[in-house]
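Read through the structure below, which is laid out as structure tokens, and then see the notes.
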Amino acid sequence: MDRLVGLSAACRRAEPILPEMSPANLQTNDRRQLALSIAVELLDEIAVGIIKTYPMLSQAHPELRLTLAAAMRHVPVHRDDPISFDRLWWTAVRDIPDCSARIEALLPDADTADYDLA
Numbered sequence: 001m002d003r004l005v006g007l008s009a010a011c012r013r014a015e016p017i018l019p020e021m022s023p024a025n026l027q028t029n030d031r032r033q034l035a036l037s038i039a040v041e042l043l044d045e046i047a048v049g050i051i052k053t054y055p056m057l058s059q060a061h062p063e064l065r066l067t068l069a070a071a072m073r074h075v076p077v078h079r080d081d082p083i084s085f086d087r088l089w090w091t092a093v094r095d096i097p098d099c100s101a102r103i104e105a106l107l108p109d110a111d112t113a114d115y116d117l118a
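If you use the working numbering, the sequence shown corresponds to residues 1 to 118, in order.
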């Protein structure tokens with residue numbers, strides 16, 4: 001449960017920075033590049049941790065699309081060399097709000113579900 005709450009919190013922390021970013025200003029602003037890259041990497045790491053530690057949660061709730069969250073950084077980072085900031089921006093603005101909404105929809109029920117999340 002803590003990791004799911006952590007993933008939700010990471011999404012909520014990243015969402016406010018998204019409107020002030022665009023592919024164009026990512027190209028020219030190192031701080032924005034770093035902020036968005038770290039946000040996407042953090043979401044990836046938390047999602048991977050959930051999948052590895054609590055596979056039953058991922059299997060019971062495919063609507064969370066944890067494998068997509070876990071793959072978020074691989075699209076902009078590993079597909080191109082150097083990093084594609086267009087893909088980084090697109091991945092973030094499309095996937096972070098979607099991930100956040102899916103987790104928030106589940107969290108009210110997460111306390112009573114039995115996923116061995118102790």
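Where is the CB? At the ideal position from N, CA and C, for every residue including glycine.
If we ignore side chains and look at the alpha-carbon of each, how far apart do residue i and residue j end up?
{"i": "R87", "j": "E41", "result": "14 angstroms"}
{"i": "L57", "j": "G6", "result": "15 angstroms"}
{"i": "R32", "j": "A24", "result": "11 angstroms"}
{"i": "A60", "j": "A105", "result": "14 angstroms"}
{"i": "I38", "j": "I17", "result": "12 angstroms"}
{"i": "A71", "j": "T28", "result": "25 angstroms"}
{"i": "C99", "j": "Y54", "result": "17 angstroms"}
{"i": "L107", "j": "S8", "result": "9 angstroms"}
{"i": "D30", "j": "A92", "result": "16 angstroms"}
Please return the same chain residues whose Cβ sits closer than 8 angstroms to the Cβ of residue i, not counting the five positions on each side in sequence.
{"i": "P19", "result": "none"}
{"i": "P97", "result": "C11, E15, L18"}
When you compare the CB positions of residue i and residue j, do they come within less than 7 angstroms of one another, or not?
{"i": "A69", "j": "A47", "result": "yes"}
{"i": "R3", "j": "G49", "result": "yes"}
{"i": "L43", "j": "A10", "result": "yes"}
{"i": "R102", "j": "E63", "result": "yes"}
Among residues of its own chain, excluding the 5 on either side of residue i, which ones have a beta-carbon nearer than 7 angstroms to its beta-carbon?
{"i": "W90", "result": "none"}
{"i": "L66", "result": "A47, I50, I51, S58"}
Can you tell which of the options has the C-alpha that lies nearest to the C-alpha of residue i?
{"i": "D95", "options": "P108, L36, R31", "result": "L36"}
{"i": "S22", "options": "A71, A105, A60, S84", "result": "S84"}
By the DSSP assignment, the alpha helix (DSSP H) with residue i in it spans what residues?
{"i": "N25", "result": "23 to 28"}
{"i": "S58", "result": "55 to 60"}
{"i": "R65", "result": "Here R65 belongs to no alpha helix (DSSP H), and DSSP marks it neither H nor E."}
What does a CB cutoff of less than 6 angstroms around residue i pick up in its chain, not counting 5 residues either side in sequence?
{"i": "L26", "result": "R32, Q33, F85, W89"}
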